Every structure is written in structure tokens, then in C-alpha cells.
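A short write-up of the structure that comes next.
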Amino acid sequence: MHILLLILGLILFISLVVVHELGHFIVARRNGVEVEEFGIFFPPRIWKKRIKSKKGDYDFTINALPLGGFVKLKGELDSDTSPGSFGAAKLWPKVKIMLAGVTMNLLAAFVILTFTALVGIPKLIDKQFTVNSDTRLTKHAILIGYVDPHSPAQQAGLRVRDQLISIGLSGQSQNTINTPESLPKLTRLYAGKDVEVRYQRNDKISSAILRLRSTQEVDNSKNTNEPKGYLGVSPTEYALRRSTWSAPIVAGGLIEQLTELTFQGLGTIIANLFRGNVHEASQQVSGPVGIYVILRDGSLLGYQFILMIIAIISLTLAIMNVLPIPALDGGRLFVTLAFRISKKPLSQRTEELIHGTGFVLLLALFALITFVDVGRFF
């Protein structure tokens, strides 16, 4: 089942790109700007089909580099004033076209979060927004969030995302693990002894017999760089909460919370870069490789988790594309407005230099993030 959920997650991720570009495509054509190409991913080109329509023919292409997607408009530079070109359009249509992708990603995030709230939304952040009077807990589990290498848990075959059920002396009654805080208390109780740990993986309940670390071994490690636990895992809580009439309200509240957290994260990344902590900054972002790993691991938690992650990615795409980053939608909008306010003409050479440089820097950043992701996850 988790393979199917992984495939679903990847399809939805690609769909976010399509939705974003579809916004540009629809609004451009509605405002009289001709579309020359609708591309999924970036060239080199893999496949092309010529689409004929009343509002103008265009090429639909699928390309090789999974960096996003694009809509190629006729005369994308401000200096192009030929009929049907983007450059010839008035300011307000240009603004609508440039913000259409952001709007579509925001709308997609809202719709996905609303649906997820109806079927059961995972709790992923502290003080996650909900409407208490219309919230019902539908699932509660204690999962393994981290397994310490060479620990009793690792040697017994326990893995990240396994659901912890109970623990007790081997052959005797079991103690249910109800909260992340209960696990350390129980393992301390059985320190140095042989215990049976019951857990669930892929809907199958299994048992592992292992010997916990002794109190002396754990205490001696507390003042070292690698403190040890009795079992050697970090437990985490996973809960699903379902709403009914308040689902759209929950979606709106979550978008506000996640937007705030995204900007806080961007602030932390920028602060680390200014301090010269490039490694720490790179650990806080993920590219396609990191997203694949998140979806792969998340598929073990069910479709609700996949939907939540896809909604977060969609919201992140909206936020990044509204920032004044050259080559992205927000950067193009910022440059256009800046030159209009200054009442100076935006020459083809200047515009190509600004956005061309931005695009090269984005490619370099993508390559760096991919390199870091491969080293981090593989």
C-alpha cells in the first residue's frame, strides 16, 4: 500500500507544478496574451504535442529536468510591444498573469487542507490550529522518530516509523506505550533486563526481544557528545484529528500558521548564511531528492500525511514565488513595478541580465541542495 501512496504523492507533487503554470496559462489567454509553450519540467525536451485552439495554438511539452515547469508567453520581455505579446499588455493584466500561479498554489493548498481536515489531518506542528468544538481524534499512535545506531533497538531490527505498542519483561505482562513520555519511564524501569517490545509495521504486529542498556551505561553517557537511551529510540506522537463544518476554517488557520513558520524558517536560513553557517542553512531546505524521501517515508503513515505534505509544498511554492527573487514570479513583478514607479524604460538587455543571472543562481542553488540531499538521505 505504501508504494501506491508514494506514487500518489509524486503524482500530486508534479500536479502542483501543472496547477501553478495553469494559472499563468489561463490568465494570460484571458487577457489576450498568446501562449507559445506549456512545459512540464525544464528542457531538454522529451516530448512535444502541438495543441490547436480558438485562442491560439501552442506547444505542450514534457521535459527532462524536474525543476518545476513553465509557460512561455509571446514577447515575455517588457520591451516587446508586438500585438499579443506579454510586453504589450497593460500593467494590471501583467500583474494578474504574474500572480496567477501563486493564486493557484494558495487555492490548491486551501482545498487540500480542507479535504484533509474532513478525513483526518495529522498534527505536525506545535499548537496546530483546530476548532475544538468540531474536532474528533480518530487515530493516535506513538512512532519511532529516530533509531540510535548500535543501540538495542537497532540491533533488534526496529525502524523509523514503526508504531510502538507495548513493552514488558520477556514472557510477562506488557505495559502499553500511550505517550512519548511514557517510554523513557518504562525503559528506565527495566534497565539492563531482557524485554519484549511489541510494535506495528505495515499493518502487521510483531515482537522484538532485546536487552536494554544498563542504568550505569546510560548515566555514563550523559556528559558525552553522544548520550544514550535505554532502548535507543526517539518516540514521537502521531495523531489524526477530523473536522466537519469547520474544515475550511481549519484550512485557513493552518495556512496562516504555516506561512508564519515558513517566513521564520527563511529568516533562520538567511541568518545562518550571514554567519557563514552554510552547512546549517543547507540542512533546512530540500529539493526534489529530499521531497522524494519525505514522501517515501510519509507513505508509511497513510494518505492523510501525504496530502498534508503536498499542501505544505503548494503553500511554500506560493510563498517563494511572491518573494522578489529574480527569475521567479515575484522577482519579475518587483522589477516591472520598480521600473514603472521610477518611470524609466526597462530595456531588453537589463531585463535579460536581471532574470538570466537569477536563473543561473537558482540552478546553482538547486544543484547544491540536490548534492546536500543526496549526502543527507543516502
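Each number in this note's numbering corresponds to the 1-based position in the sequence shown with 642 added.
Glycine included, C-beta positions come from ideal geometry on N, C-alpha and C.
These numbers were taken from a predicted model, which means no experiment stands behind them.
In the three-state reduction of the DSSP assignment, Arg938 falls in the helix class, which pools H, G and I. With contacts defined as CB atoms closer than 8 Å, Leu975 and Val737 qualify as a contacting pair. The Cβ atoms of Gly871 and Val837 do not sit closer than 8 Å to each other. For secondary structure counted as the beta strand (DSSP E) over 3 or more consecutive residues, the segment 766-844 holds these complete runs in sequence order: 778-789, 805-811 and 836-843.
Considered as a whole, the segment 956-1002 harbours 971-984 as its complete alpha helix (DSSP H) runs of no fewer than 4 residues, in chain order. Counting the other CB atoms within 10 Å of its CB gives Ile784 a total of 16 or more, which places it among the buried residues. Distance check between Arg853 and each of Trp689, Lys769 and Lys835 places Lys835 closest, using alpha-carbon atoms only. Annotation: Ile948 to Asn862 spans about 41 Å, alpha carbon to alpha carbon. An exposed status is given to Gln906, since fewer than 16 other beta-carbon atoms sit within 10 Å of its beta-carbon.
Taking Arg671 as the centre and dropping the five residues before and after it, the same chain places the C-beta of Val677, Lys697 and Gly698 closer than 8 Å to its C-beta, in chain order. One thing to note: Leu760 has its Cβ within 8 Å of the Cβ of Ser885. If you look at Thr878, you'll find it in the beta strand (DSSP E) that goes Val875 to Arg884. In the structure shown, Val927 adopts coil according to DSSP, grouped into three states. Gln816 is not a Cβ neighbour of Ser824, given a cutoff of 8 Å. The C-beta distance from Arg687 to Asn705 rounds to 5 Å, short enough to meet the 8 Å contact threshold.
As DSSP reads the structure, Ile763 sits in a beta bridge with Arg883.
When DSSP states are grouped into helix, strand and coil, Phe680 belongs to the strand group.
Counting along the chain, no alpha helix (DSSP H) covers Ala730, and no H or E run does either. DSSP places Leu664 within a helical segment (H, G or I) once states are collapsed to three. Of the candidates Ala881, Pro708, Lys864 and Thr829, the residue whose Cα lies closest to the Cα of Lys781 is Ala881. For the pair Ile682 and Val661, the CB atoms are not nearer than the 8 Å cut-off. In this structure, the straight-line span from the alpha carbon of Gly729 to that of Gly762 is close to 46 Å. In this structure, the beta-carbon distance from Ala731 to Val675 falls below 8 Å. In the three-state reduction of the DSSP assignment, Thr723 falls in the coil class.
In this structure, Pro869 is the residue among Ala953, Pro966, Pro869 and Phe667 with its C-alpha nearest to the C-alpha of Asp790. DSSP lists Gly681 and Lys690 as the beta-bridge partner residues of Thr703. When Leu873, Lys694, Thr992 and Lys769 are compared, the shortest CA-CA separation from Ile851 is found for Leu873.
Counting only the Cα atoms, Gly726 lies some 22 Å from Lys691. For the pair Tyr700 and Pro966, the Cα-to-Cα distance works out to about 29 Å. Comparing C-alpha distances from Gln990 to each of Ile653, Val977, Lys694 and Gly894 shows the shortest one belongs to Val977. Between the alpha carbons of Glu902 and Met962 lies a gap of roughly 13 Å. Put simply, of Gly895, Leu943 and Ser848 the residue whose alpha carbon is nearest the alpha carbon of Leu800 is Ser848. In this structure, Gly710 lies away from Phe680, with their beta-carbon atoms at least 8 Å apart. For the 8 Å CB-CB criterion, Pro930 and Pro708 form a contact.
Excluding sequence positions up to five before and after Arg938, its CB lies within less than 7 Å of the CB of Leu648, all in the same chain and listed in chain order.
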